[in-house]
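Enquirer: Before anything else, here's the structure in question.
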Amino acid sequence: MSDGAVTSEEVRHVAGLARVSLTEEEADRFAAQFADVLEAFERLDEVPDTEREPELVNVMREDVVREGLDRETALRNAPESEDGYFRGPPVS
Amino acid sequence: MNELNAFVTRETVDPGEEGALSGATVAVKDNISTRNLRTTCGSAMLAEYVPPYDATVVERLLGAGATVVGKTNMDEFGMGTTTETSAFGPTRNPADPDRVPGGSSGGSAAAVAAGEADLALGSDTGGSIRCPAAFCGVVGIKPTYGLVSRYGLVAYANSLEQIGPFAPTVAEAAELLDVIAGVDERDATTRAPRREGESYAAAASGDVEGLSIGVPAELVEGADERVIETFETALSELEAEGASIEEVSLDSLSYAVEAYYVIAMSEASSNLARFDGVRYGPATESDGNWNEAFAAVREAGFGEEVKRRILLGTYALSAGYHEKYYEKAQDARAWIAEDFDSALSEVDVLASPTMPVLPPRLGESLEDPLRMYLIDANTVPVNLANLPAISVPAGEAEGLPVGLQLIGPAFGEETIIRAASALA
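Chains as they are written, first to last, in numbering that gives the first Met the number 0: chain A, 0 to 91; chain B, 0 to 423.
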């Protein structure tokens, strides 16, 4: 992909990794656009290596029990639920 | 004024208490959670999503006496510069209804510009407050990363984004910032502001005597000449009031757009994995297994720009490309932060046109994504460096608003508020 040309098959492969279905037209259109965008990203090769050690400090707090969402509220936006659980598609 | 399409949902939430914002109406961007009030992020994926809790900023608004008047339209999940990628149709610019209001917080800026709300909240990941503020002729502030709680903000690229205010004037925007700023135990990235005066509003004195303003050449070159002319007129106004102006140069800035999009898209590809159609999202008919159902609901629920960014982010993080794109983008981010640090040790604030172009016509920007990304050149460096910036009306060119951006050091909100208040 990095040599400029991006094929529809490559776009569909990445879409598979990202779990997004695409129509034929979308895959074709994205292939052309991704070539442009990735070519622009190539410029980052010119950026010098930079020292970047972030100053991080651990911030601790007491582990305190407090009220959270009740089960009914947490399930309120789910398209499907059953016996107080989210209901999803079969895993395999 | 429904023809502006500034709101996705118009519903009033009355304040619980009296306070600094009693009597003020506030519009809230539709990616900020409001309890029992639909929060769509401008996406079909969340068209029916009703949050069970308020974002911290909304709690603070209501606690300060403000009345929420609705949820404003936006580019889907904040991904856009024009508010045209919304699943609820584009918002129009009150200054010229044939033009875009900017984005992604276009609804918030348009609502304030048209007087449909006194104030508004937006979020800014790469310019999403400052761009629409500039295009609509209002004031918008992107706070220092960590000044305002992101609890309840639906994440797009969490290392870059902040919630911030819109208002007709700098003083009013600063008043709203006073209400929403401050540490929140539910957002571990928040930090206590180091404030010199009593409040941000008190900093809006209009006094720029002795203020030094640096103008980065990289953020002026290549801008529309009409924009540059308006920007320079506003600068001479500041100079006439006692500020000094000098040109500065930050070499790293020419890599900011590329670095920003690599980082933002990478974070988006991870953040938006939560939209699986199980805990929220539209019901689908897919009989397939988990992966097939997941892919089908994301095909149905996401618009084209969101898919584009998720895919490009997935690509940038994938094996073999991670070092090439993501690591180099992080190098650029660190370099940009260093460049800003050293520039801001020489001058008090940096100034540039907020946007290098006048507001585009509706429909003009959608065909070529890269071209749309490139118009974010002046706003994205600030997010990469975690700095505060404000966009203030600089004047008009051909009847269209032009914004001037002022960038300050980390937690230097008072300085940019003071400088901007000399203009509006």
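Beta carbons: idealized from backbone N, C-alpha and C, even for Gly.
Quick check on V425/B: buried or exposed, where buried means 16 or more other Cβ atoms within 10 Å of its Cβ?
Expert: Only positions 0 to 423 of chain B appear in the structure, and residue 425/B is not among them; the question remains open.
Enquirer: Closest by CA to G221/B, which one among Y260/B, P352/B, D95/B and D275/B?
Expert: Within the second sequence, numbered from 1, the residue matching residue 221/B stands at position 222. Among Y260/B, P352/B, D95/B and D275/B, the Cα nearest to that of G221/B is on P352/B.
Enquirer: Sorted by chain position, which residues of the same chain lie with C-beta nearer than 6 angstroms to S243/B's C-beta, five sequence neighbours on each side aside?
Expert: The sequence position of residue 243/B within the second sequence is 244, counting from 1. Hits under 6 angstroms: S211.
Enquirer: Identify the continuous alpha helix (DSSP H) that holds I227/B and give its terminal residues.
Expert: Working through the second sequence from its first residue, we reach residue 227/B at position 228. E224 to A239 is the extent of the alpha helix (DSSP H) around I227/B.
Enquirer: From this set, N385/B, G398/B, S420/B and L399/B, which residue's C-alpha is nearest L146/B's C-alpha?
Expert: The residue you call residue 146/B lines up with position 147 of the second sequence. Cα-wise, what sits closest to L146/B is N385/B.
Enquirer: Starting from the beta carbon of E79/A, find every residue of chain B whose beta carbon is closer than 9 angstroms, and list them in chain order.
Expert: Taking the first sequence and counting its residues from 1, the one referred to as residue 79/A is at position 80. Within chain B, the residues near E79/A are V277 and A282.
Enquirer: How long is the line joining the alpha carbons of M0/A and E171/B, rounded to whole angstroms?
Expert: One-based indexing of the first sequence puts residue 0/A at position 1. One-based indexing of the second sequence puts residue 171/B at position 172. Residue confidence for M0/A is low, a pLDDT of 43 falling below 50, so the modelled location carries little weight and cannot support an answer.
Enquirer: Does the Cβ-Cβ distance between G362/B and A388/B come in under 9 angstroms?
Expert: Numbered from its first residue, the second sequence carries residue 362/B at position 363. Numbered from its first residue, the second sequence carries residue 388/B at position 389. In this structure, A388/B does not lie closer than 9 angstroms to G362/B by Cβ.
Enquirer: Chain A partners of S317/B, CB-CB under 9 angstroms?
Expert: Numbered from 1 along the second sequence, position 318 holds the residue referred to as residue 317/B. Ordered by position in chain A, the residues that pass the 9 angstroms Cβ test against S317/B are V13 and L16.
Enquirer: At least one CB of chain A closer than 9 angstroms to the CB of D29/B: is that the case?
Expert: The residue given as residue 29/B occupies position 30 in the second sequence. Answer no: the Cβ-Cβ gap between D29/B and chain A never drops below 9 angstroms.
Enquirer: Could you tell me whether any Cβ in chain A is nearer than 9 angstroms to the Cβ of V147/B?
Expert: Stepping through the second sequence from its first residue, residue 147/B is reached at position 148. By this cut-off, V147/B is not an interface position.
Enquirer: Quick check: what's the CA-CA separation for E8/A versus D13/B?
Expert: Locating residue 8/A in the first sequence gives position 9, counting from the first residue. Locating residue 13/B in the second sequence gives position 14, counting from the first residue. E8/A and D13/B: Cα-Cα distance of roughly 53 angstroms.
Enquirer: Counting contacts by CB-CB distance shorter than 9 angstroms, is L36/B in contact with chain A?
Expert: The residue given as residue 36/B occupies position 37 in the second sequence. For L36/B, the answer is no, since every Cβ of chain A falls outside 9 angstroms of its Cβ.
Enquirer: Please classify V56/B: is it buried, with 16 or more other beta-carbons within 10 angstroms of its beta-carbon, or exposed?
Expert: Numbered from its first residue, the second sequence carries residue 56/B at position 57. That one is buried.
Enquirer: In chain B, which residues lie less than 7 angstroms from V56/A when you measure between Cβ atoms?
Expert: In the first sequence, counting from the first residue as 1, residue 56/A sits at position 57. None at all; the shortest Cβ gap to chain B is about 11 angstroms.
Enquirer: Find the nearest neighbour of Y52/B within the set G64/B, V67/B and N35/B, judged by alpha-carbon distance.
Expert: What you label residue 52/B is simply residue 53 of the second sequence in a count that begins at 1. It is N35/B.
Enquirer: Could you check the C-alpha separation between I262/B and T84/B for me, to the nearest Å?
Expert: As a first step, residue 262/B is located in the second sequence; it is residue number 263 there, counting from the start. As a first step, residue 84/B is located in the second sequence; it is residue number 85 there, counting from the start. About 20 angstroms.
Enquirer: Can you give me, in chain order, the residues of the region 176-191 of chain B that have a beta carbon less than 7 angstroms from any beta carbon in chain A?
Expert: Answer set for the region 176-191 of chain B: A187.
Enquirer: Output the distance between the C-alpha atoms of A409/B and A376/B, rounded to the nearest integer angstrom.
Expert: Here residue 409/B refers to the residue found at position 410 of the second sequence. Here residue 376/B refers to the residue found at position 377 of the second sequence. Cα-Cα distance, rounded: 20 angstroms.
Enquirer: Evaluate contact between the region 159-167 of chain B and the region 59-79 of chain A, counting only Cβ atoms and requiring at least three cross-stretch pairs below 8 angstroms.
Expert: The region 159-167 of chain B vs the region 59-79 of chain A: no contact.
Enquirer: Pick helix, strand or coil for I374/B, following the three-state DSSP scheme.
Expert: Taking the first residue of the second sequence as position 1, residue 374/B is located at position 375. In this structure, I374/B counts as coil in the three-state DSSP scheme.
Enquirer: Can you give me the C-alpha to C-alpha distance between D74/B and A187/B, rounded to a whole angstrom?
Expert: Within the second sequence, the letter at position 75 stands for residue 74/B. Within the second sequence, the letter at position 188 stands for residue 187/B. The alpha-carbon atoms of D74/B and A187/B are separated by roughly 27 angstroms.
Enquirer: With DSSP as the reference, label S253/B as helix, strand or coil.
Expert: Here the question's residue 253/B lines up with position 254 in the second sequence. Correct three-state label for S253/B: helix.
Enquirer: Are V277/B and S285/B close, meaning C-beta to C-beta below 9 angstroms?
Expert: Taking the second sequence and counting its residues from 1, the one referred to as residue 277/B is at position 278. Taking the second sequence and counting its residues from 1, the one referred to as residue 285/B is at position 286. The answer is no: Cβ separation not under 9 angstroms.
Enquirer: Can you pull the chain A neighbours of D330/B, defined as C-beta to C-beta under 9 angstroms?
Expert: As a working note, residue 330/B is residue 331 in the second sequence. Within chain A, the residues near D330/B are L43, V46, P47, D48, T49 and R51.
Enquirer: Please list the partners that V90/A has in chain B, where partner means a Cβ-to-Cβ separation under 8 angstroms.
Expert: Along the first sequence, read from residue 1 onward, the residue named residue 90/A stands at position 91. Within chain B, the residues near V90/A are N288 and W289.
Enquirer: How many Å lie between E291/B and V90/A at the Cα?
Expert: Here residue 291/B corresponds to residue number 292 of the second sequence, with the count starting at 1. Here residue 90/A corresponds to residue number 91 of the first sequence, with the count starting at 1. Going from the Cα of E291/B to the Cα of V90/A covers about 10 angstroms.
Enquirer: Which chain A residues are close to R297/B, counting only those with a beta carbon under 9 angstroms from its beta carbon?
Expert: For the purposes of this step, residue 297/B is identified with residue 298 of the second sequence, where counting begins at 1. Near R297/B (Cβ distances below 9 angstroms), the residues of chain A are A17, R18, V19 and S20.
Enquirer: Tell me the DSSP bridge mates of E395/B?
Expert: As a position in the second sequence, residue 395/B is number 396, starting the count at 1. DSSP output for E395/B lists P400/B as bridge partner(s).
Enquirer: Enumerate, from N- to C-terminal direction, the unbroken alpha helix (DSSP H) stretches of 4 or more residues contained entirely within the region 286-331 of chain B.
Expert: If we require 4 residues or more, the alpha helix (DSSP H) runs fully inside the region 286-331 of chain B come out as 289-300 and 303-316.
Enquirer: Apart from the five residues just before and just after A173/B, which ones in its own chain have a Cβ nearer than 7 angstroms to its Cβ?
Expert: Mapped onto the second sequence, residue 173/B falls at position 174. Cβ neighbours of A173/B beyond the five flanking positions: Y199, A200, A202, A203 and I416.
Enquirer: Under 7 angstroms between beta-carbons, which chain B residues line up against T72/A? List them in chain order, please.
Expert: As a first step, residue 72/A is located in the first sequence; it is residue number 73 there, counting from the start. In chain order: P51.
Enquirer: Measuring CB to CB, does Y314/B end up less than 9 angstroms from L43/A?
Expert: By 1-based counting over the second sequence, the position of residue 314/B is 315. By 1-based counting over the first sequence, the position of residue 43/A is 44. The answer is no: Cβ separation not under 9 angstroms.
Enquirer: For E195/B, which residues in the same chain have their Cβ closer than 7 angstroms to its Cβ, ignoring the five residues on either side in sequence?
Expert: Along the second sequence, one-based indexing puts residue 195/B at 196. Closer than 7 angstroms at the Cβ level, and outside the excluded window around E195/B, lie E413.
Enquirer: Which value, in whole angstroms, describes the spacing of the CA atoms of A4/A and E41/A?
Expert: Here residue 4/A is taken as the residue at index 5 of the first sequence, counted from 1. Here residue 41/A is taken as the residue at index 42 of the first sequence, counted from 1. If I take the Cα positions, the gap works out to 13 angstroms.
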